[in-house]
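Please read the structure below before turning to the comments.
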Amino acid sequence: MYLSACYNTIVRQKNYESETIMIVTSQLPKPRQTVTIAFGDGIGPEIMDATLNILMAAGAEFDIDIIEIGKSVYQRGFSSGIEPSSWDSLRSTRVFLKAPITTPQGGGFKSLNVTIRKSLDLYANIRPCVAYAPFVKTRHPAMNVVIVRENEEDLYAGIEHRQTDEVMQCLKLITRPGCEKIVRYAFEYAKKYGRKKVTCLTKDNIMKLTDGLFHSVFDEIALLHPDIQNEHMIIDIGAARLADTPEMFDVIVTPNLYGDIVSDIAAQIAGSVGMAPSANIGDHGAMFEAIHGSAPDLAGQNVANPSGLLLAAVQMLIHLGQPSIAEKVHNAWLRTIEDGIHTFDIYTEGSSHQCLGTKEFAESVIVRLGQIPHILAPVKYREAEQKITIIPYQRPPALSKDLVGVDVFLHWREKDPKVLAQLLQAAQETNLPLTMVTNRGVKVWPEGLAETFCTDHWRCRFLSPLSAHKISHAQILGLLTRISETGLDFIKCENLCNFDGQPGFTLGQGQ
Ligand code: NAD
């Protein structure tokens, strides 16, 4: 084992698949910082060992604190896959190098990744997706895209409810501070790394308030960076163009779910999902990981590509203020790829020279430490600043807010919206009348279409006749009481407010 041959003080001993691995550090220079490490599930332990071997051989200076996360922790009854004591390590080191974990399917379990990102406020997820042509097969040899994914909000808030027999709901939350932080980060990243253009991807033609906010914040912040080009695309055509012509993109900034999807697409078309790293950055800490999962189909076979985690560790070294070690590791890795030393996922008969296992690939990188690639462009991190900083969010003065109506959501198993409207009109007040009923967002009363399919979930809008006319919470409570007295089952209500005179709610489709 490489590490045990080089160093002589054991700081970790770990058994898996009947092999004892030892990481020892006494001959390393004095550690400057402790990094929390998790070996994860599936291929995680193999790619983490490969990565740590390379980092230690390159002279990376950090101490290691190992925590256990993932499958075994879930199985011990911790619903987020992490034990409370592990938070102490994360909160004290504030730097986490994490191998992928297996998230159990089904209810009762929460995603560990989402929990860590949100708990530590790691708002920016940076995912460079680069082609290494002609050494790694790709149809997009000039591709070099960085995806800056918002990391804490959107549908990943994980607030889901079953509302009726037939309907589940997931809340999509987009906030101004969240948008400002991620968009500022994207432009600062572009500036620091000499990138020319930032493209924003949203679906604001449909989600006018949530994605609309992201887009409008992008437009505001783009104005502050006249030296960097900016553009916006609707996510569907943006994703299609990314898959077809990734060379036209430079930096992409996008909400959480779209970023998750397009970064996997981008990594795969660049060469392999196994090669893309991910840095999760916040003001108080950072987590570095590969973008791929635990690939249980490959676990324990010494075949997984460790490059995604290794390149994430390169980002970590820059974050730790060790840019020259980062540069050394990255250039040795580029040289290995250029020499045709490949794992199976990027191996191509004829153009690759050798197909190696995870450990042997790592050893090949170690042998090349100190070398630079001849054909691929060498990286230069020596001058890299430690961190990107953004202006802290300043909460603006409060807007004037007028309550002007309420959407009441009902669980109702009948089919005819006219019957429902009659029941509700019997419960309404003169200055808070029923104005619309929708089913799955489509207007079905008044004047709906017979063809519209209706499920058992109805949104019933009561709106003050003059949109400027304020109503009170007491009126809403009275309305809900009367609705309940008619025997109707209300699930929830959403207040309808004007903010500085502008409606803070959308129309129904077909309204
Ligand atoms: P996955 O990314 O684990 O694997 C998809 C396929 O990609 C694999 O079958 C494999 O062929 C290939 N692949 C992935 N990593 C590779 C590598 N390093 N080298 C070579 N090939 C590689 O996705 P999945 O199968 O959908 O998910 C498996 C598990 O991972 C699930 O439990 C999922 O929840 C979890 N997951 C975890 C993370 C994380 O911890 N950050 C991220 C995504 C998925």
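Numbering (the numbering used here) for the sequence shown: -12 to 498. Where a beta carbon is used, it is the ideal one built from N, C-alpha and C, also for glycine. None of these values were measured; they are calculated from a predicted model.
| Check | Outcome |
| --- | --- |
| Taking the straight line between their C-alpha atoms, what separation do you get for Pro293 and Gln309? | 21 Å |
| Flag this pair as yes or no: are the beta carbons of Ile278 and Glu325 separated by less than 7 Å? | no |
| Less than 7 Å between the C-beta atoms of Glu70 and Val82, yes or no? | no |
| Determine the direct distance from the alpha carbon of Glu33 to that of Phe331, and round the result to whole angstroms. | 15 Å |
| Which of the three DSSP states is assigned to Asn192 in this structure? | coil |
| If I'm right that Val79 touches Thr102 with Cβ under 8 Å, what's the distance once you round it to whole angstroms? | As written in the sequence, residue 79 is Ser, which differs from the Val given in the question. Not a contact, Cβ separation roughly 18 Å. |
| Could you give the first and the last residue of the continuous alpha helix (DSSP H) run that contains Ile333? | From DSSP, Ile333 is part of no alpha helix (DSSP H); its letter is neither H nor E. |
| Any heavy atom of the ligand NAD closer than 6 Å to the CB of Thr90? | yes |
| With a Cβ-Cβ cutoff of 7 Å, do Asp198 and Asp206 count as a contact? | no |
| Once you ignore the five residues that flank Ala204 on each side, which residues in its own chain have a CB closer than 8 Å to its CB? | Sequence inspection shows Val at residue 204; the Ala mentioned does not correspond to that position. Hits under 8 Å: Arg163, Cys166, Glu167 and Val170. |
| Note down, in chain order, each residue of its chain lying with its Cβ closer than 7 Å to the Cβ of Ile359, except the 5 sequence neighbours on either side. | Asn318, Arg322 and Pro365 |
| What number of angstroms, rounded off, separates the C-alpha of Ala408 from the C-alpha of Gln150? | 20 Å |
| Span of the alpha helix (DSSP H) holding Met220? | That residue, Met220, is in no alpha helix (DSSP H); its beta strand (DSSP E) goes Gln216 to Ile221. |
| Let me check one thing: in DSSP terms, what residues is Lys430 bridge-paired to? | Thr425 |
| Helix, strand or coil for Ser387 per DSSP? | coil |
| Would the C-beta of Pro360 count as close to the ligand NAD, meaning under 6 Å from any of its heavy atoms? | no |
| Compare the beta carbon distance of Pro468 and Leu450 with 7 Å and say whether it is the shorter of the two. | For clarity, residue 468 is Thr in the given sequence; the question names Pro instead. No. Outside cutoff. |
| Quick one: is the Cβ of His317 within less than 6 Å of any heavy atom of the ligand NAD? | no |
| Got a sec? Which residues, its chain only, sit under 7 Å from Ala282 by beta carbon, not counting five neighbours each side? | Gly29, Ile30 and Ala291 |
| For Gly428 versus Gln381, is the C-beta distance shorter than 7 Å? | no |
| Give the single residue among Glu55, Phe174, Leu77 and Leu475 whose Cα lies nearest to the Cα of Arg104. | Leu77 |
| Here's the rule I'm using: 16 or more other beta-carbon atoms within 10 Å means buried, otherwise exposed. How should Thr473 be labelled? | exposed |
| So, with DSSP's three-state summary, where would you put His279? | coil |
| So what's Val11 in DSSP terms, helix, strand or just coil? | Note that Val11 has pLDDT 44, beneath the 50 cutoff, so the model's placement of it is unreliable and the number below is only indicative. Val11: strand per DSSP, three-state reduction. |
| Buried or exposed for Thr12, going by 16 or more other Cβ atoms inside 10 Å? | Residue confidence is low: Thr12 scores 44 on pLDDT, short of 50, so the model does not pin down where it sits. No coordinate-derived value is stated. |
| Would you kindly report the start and end of the unbroken beta strand (DSSP E) that includes Cys441? | Counting along the chain, Cys441 falls outside any beta strand (DSSP E), and DSSP gives it neither H nor E. |
| I need the DSSP call for Asn292, collapsed to helix, strand or coil. | coil |
| Does the distance from the C-beta atom of Ala37 to that of Thr232 stay below 7 Å? | no |
| What's the C-alpha gap between His127 and Ile333? | 14 Å |
| Report yes if the C-beta distance between Met274 and Lys85 is below 7 Å; otherwise report no. | yes |
| If you measure from the CB of Ala253, is any heavy atom of the ligand NAD nearer than 6 Å? | no |
| Which of helix, strand or coil does DSSP assign to Cys225? | The amino acid occupying residue 225 in the given sequence is Gly; Cys does not appear at that position. In this structure, Gly225 counts as helix in the three-state DSSP scheme. |
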